[in-house]
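Residue numbers (the working numbering), protein chains in the order written: chain U, 16 to 671; chain B, 16 to 671.
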């Protein structure tokens, strides 16, 4: 598993060592032994996250005037009960009764079946002992073995869709045991993934840490719409921490208990899901793995322009398509390898409880294909359930181009007489009446006509009789000038930690001429530090030059780092290659004489030489992604002078 | 309380209405009734927060190459037990037994005593009924009344220093009752302010939401020091959410249960707390309220240069002084009123359990003087306790300029013989020996000499006898070339929500010529939106001009908003004055002809007219704080043409 099959030289443990050494991230509370699923970012990891988010905001939020808000993490029980998270946001866990160790049921099943497949394949597919089995030791024939492998593969491919009962059946039928103890798993039981807490000192208000940032946005829908001057469509945004109390998290930044999300909720008219800027992206070529292809048991992607995917009905509407294309462009822009990016549609039984369609942007890493961005059509699910629960309408009111005549059933109640009849129950009766659909009204009108009274059932189940004389139900014509609707929501949702880790893997390589020299080729716009300042030696003549350059770079807003350690200059560069620093300025004795500087590019290790002013201008434009290194080489000749030509002088260290 | 005494026209409820209407912030989960102490930021509030943090990062982090990291919110019990938060991070709450309502004891006492003072003052100080009291109704003389007021004032001024017992005594002695029910308060009992939760599914790992961001930084000290190439002094930084489960939070953004903090931990050699850049700030003039002045019962600030405060011994060292001056400059830079800013030293009984000295930057608001930034000297407290608990050294190792000879007591144990003697207990015995101080060693040496054996007490309390023949304790001379020390920590800690709210109050005013027109005069660098684009009317000739301007502003990274609503142009400007938008561009018919634009400044409502290129350049420089509006007026004449001179055309609305 640790070797990325698409990248044969890749070795995960070596990369992890680099990330630890350069303090990209580390387990939280490490000196206390750490807590699985919790990680801290060191300075380069933090800067990388911030830079990714900066590009993200420019690409999505500012580009389309989305409304970014900040919402609370601590969420009361009632909100998440309404959204369905209290009952449905869970994983299945099983337990080894001999040790008490718990496992995520789907993960342990998958792991064990994969290892069985591997064992069978390695042993030449036949003559292998059958695991467990009532009849004791026997050996499968080749055919039996092949069919068993197909069975395992089938379960693995559908594992995301199993409920507790299904998982329980698999554990029993396939005799799933803890590999460490060989004891049969118990369970599975459902475990809610939300961290619970108590709000306030009274012990009567349960809360949870939000499992997603979406709910806080939905609850503010009316205020957001008003802030947007009532105009549709529009989007709200939250960037912040979410929490999932994972059962047994491993796999590093890919499965954290606490993680940064960036979520967009785009509100759209359900009758018109066209996106007005779709034409800007329709020619973007992307790789799709549709539901149909997956159902046929294959993993083949089809590559096509997003416009074609819409035309062929693979994508239902241009708003969903627009966002998929924009996600694709964003991921490429921050430096992902386009060959390791695909868009996979969720299977019907795999979608979250609120989604009506969902596509994931998946990135290939040494852990396999990883979901890094989800793009779900949540339809009107959330706004509807919150609206019903709170009795607060979460709707758009749209002035019709011209007034429309509609026919409606109307209930008129004789308020004077009905009040004394029901006294304190009046309110619930009125509530029941106001919730009648057109069908209800027709049914009650018929009942009143035939029986002289109706029986109204109220919310708590009680029934009340109302004589026909106290009300009328009639059809009236009405002119309406406003259409009222609950918008649908398209939700692009970004797991920033997963994106960050995948980007590190996609950016990692080892110089072919020196296996000890690793490089992280982040694009300048996301690189944690843009520029390294390297005085040739610790000669004090360089100090004022370095100080001045540092000041100038700060004024320009370019993050930089001075490395004036006594290490050889090549060593200093190569350790900053490991930080992904794209540019380096060398200050040498010629600088003291004429002010000129050497600028080195990380990936090619090529250099140019120019005046301070020119070098600063070039770095500024490179850092902001306005020009590329190739553009620079068109304007400046490559500089090859021995003393500062880094590759050749790795071991040279001039002592003063 | 709602009227800011320094700002007589100020009315808090009116400001709050504006903030609600313009969606700066709102209670979280408002459609569910809200949860006290939890707030959401709408788009302007969020942008304001982000801009404040951007200026903060430039001012502190980038300016001094501080190491910003990202740490986890969910924190295991053991860490916060060690830091002292489990036992000491609490408030005292009392309860009305008749309703179950709970109050923060110090708050309710203060509130009731203040209202008693007010009542006495209003009733002319004499002839007023004594509240409660064993002897029933009687009336105080003038002298009695005055002395009573002094008593109340004395309690109020010292309330932060009371422990549970002290508060209990006050409640009894002064008969503190719930104003709503007139029932005597019960308690107080201590309530820990941390939100508790369970980590993982096993139910055996309690955690808390962090109450401050500091601990995660301390635990990473060794990695941070290494990342900084071992150089001291340096600082780490975390910007993020912290949580306090307040007993009964009111006062809006000033007392939130979930809030954004920006905390700097500056690590410094305890033997040398000089700051190398102190000379850059020594002439900054600031207002100080020292511990001595407060102890004398006064609230008089003394204004002086920070250099003088150091010279007079008011501030203990130049690192603390440097940060106080930098905090002062930051607060002024984002737009605080310098007349409403003071630095107050904590009283000895008021400091957090970890602090050895502490100064607060306090801002005057309608809630009184509010602590917005704390600057504590945490000495070596945290690094020491974590180091002792985890046995992981959190120290700086500094190469001495030249090796030093020191005398040390050394214990040599005969390993071969002691092993078989203690078997499995060997480890704890060795641990006990290795923890001996110099005094212990001398004492044991004496014991061994006189008794022929020593008795060693180990961690769990058991005692072991060791014969003198198995060890020696002797004084040896040693040459050391490295000095090892635990650094001290100076901690400037910023409550971003409090800063944001105070800034809003400091920026709020009402135009004297029109009481309906409120303005938030944020400096351009922090204003949520920098520029408003206003087409004179909804004539379609303006559309392409507005689109192009919008595109240009986006390229320049200038946040802007188009207001093409049908409201009168003056109305559109005045509602953006309420958002604090500093600049507005008007597009009118002359623009269609010659491309020229009108630029309006919010506070003066003055305008200039120039070409698109010039206007864009000016806005860019204004937004980044590089030039002021006065600078602009030096280069461009004031433009007074009737049609776009806003104040005069408030009611003009040209329909096409």
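Here a beta-carbon is modelled for each residue, glycine too, at the ideal position from N, C-alpha and C.
Interface criterion not met: the Cβ of residue 169/B is under 8 Å from no Cβ in chain U. Shown here, residue 175/B sits in a helix according to DSSP, grouped into three states. As the crow flies, the alpha-carbon of residue 164/B is around 53 Å from that of residue 615/B.
Check the Cα spacing between residue 515/U and each of 538/U, 214/U and 232/U: the tightest is with 538/U. Distance between residue 70/U and residue 521/B, taken at the CA atoms: about 33 Å.
Between residue 182/B and residue 124/B, the C-beta gap is smaller than 8 Å, which places the two residues in contact. Check the Cα spacing between residue 653/U and each of 624/U, 240/U, 423/U and 555/U: the tightest is with 624/U. Under DSSP, residue 257/B forms a beta bridge with 274/B. Non-local C-beta neighbours of residue 630/U in its own chain, meaning closer than 6 Å and more than five positions away in sequence, comprise 612 and 614, ordered along the chain. By the criterion of at least three beta-carbon pairs nearer than 8 Å, the segment 484-498 of chain U is in contact with the segment 400-417 of chain U. With fewer than three CB-CB distances shorter than 8 Å, the segment 312-321 of chain B does not count as touching the segment 484-492 of chain B. In this structure, the alpha-carbon of residue 180/B lies about 21 Å from that of residue 263/B.
Across the set 638/B, 325/B and 593/B, the C-alpha of 593/B shows the shortest separation from the C-alpha of residue 39/B. When 7 Å is used as the limit between beta carbons, residue 55/B is near these residues of chain U: 84, 85, 86, 87, 231 and 235, in chain order. According to the DSSP assignment, residue 467/B belongs to no alpha helix (DSSP H), since it is labelled neither H nor E. Per DSSP, residue 408/U lies in no alpha helix (DSSP H) segment and is marked neither H nor E.
When the beta-carbon positions are compared, residue 45/U and residue 112/U stay at least 8 Å from each other.
The C-beta of residue 477/B has fewer than 16 other C-beta atoms within 10 Å across all chains shown, which makes the residue exposed. In the assembly as shown, residue 232/B is a buried residue. Its beta-carbon has 16 or more other beta-carbons within 10 Å. Residue contact with chain B for residue 41/U: present (Cβ-Cβ distance below 8 Å to some residue of chain B). Chain B has a Cβ within less than 8 Å of the Cβ of residue 211/U. Non-local C-beta neighbours of residue 58/U in its own chain, meaning closer than 8 Å and more than five positions away in sequence, comprise 38 and 543, ordered along the chain. In chain order, 623 and 625 place their CB closer than 7 Å to the CB of residue 651/U, counting only its own chain and leaving out the 5 sequence neighbours on each side. A contact is defined here as three or more CB-CB pairs under 8 Å, and the segment 239-255 of chain U meets this definition with respect to the segment 270-278 of chain U.
For residue 94/B, the residues of chain U that pass the 8 Å Cβ criterion are 44 and 47, in the order they occur in the chain. In the structure shown, residue 602/B adopts extended strand secondary structure according to DSSP, grouped into three states. When C-alpha distances from residue 360/U are compared across 132/U, 352/U, 381/U and 336/U, the shortest belongs to 336/U. Put simply, the backbone Cα of residue 80/U is about 14 Å away from that of residue 546/B. Shown here, residue 371/U sits in coil according to DSSP, grouped into three states, outside any helix or strand.
Of the other Cβ atoms in all chains shown, fewer than 16 fall within 10 Å of the Cβ of residue 178/U; this residue is therefore exposed. Note on geometry: alpha-carbon atoms of residue 63/U and residue 595/U lie some 10 Å from one another. For residue 260/B against residue 215/U, the beta-carbon gap comes to about 7 Å, under 8 Å, which counts as contact.
With contacts defined as CB atoms closer than 8 Å, residue 220/B and residue 100/B fail to qualify as a contacting pair.
In the three-state reduction of the DSSP assignment, residue 56/U falls in the strand class, which pools E and B.
At a cut-off of 4 residues, the continuous stretches assigned as alpha helix (DSSP H) that sit fully inside the segment 565-634 of chain U are 584-592 and 604-609. The three-state secondary structure of residue 525/U, taken from DSSP, is strand.
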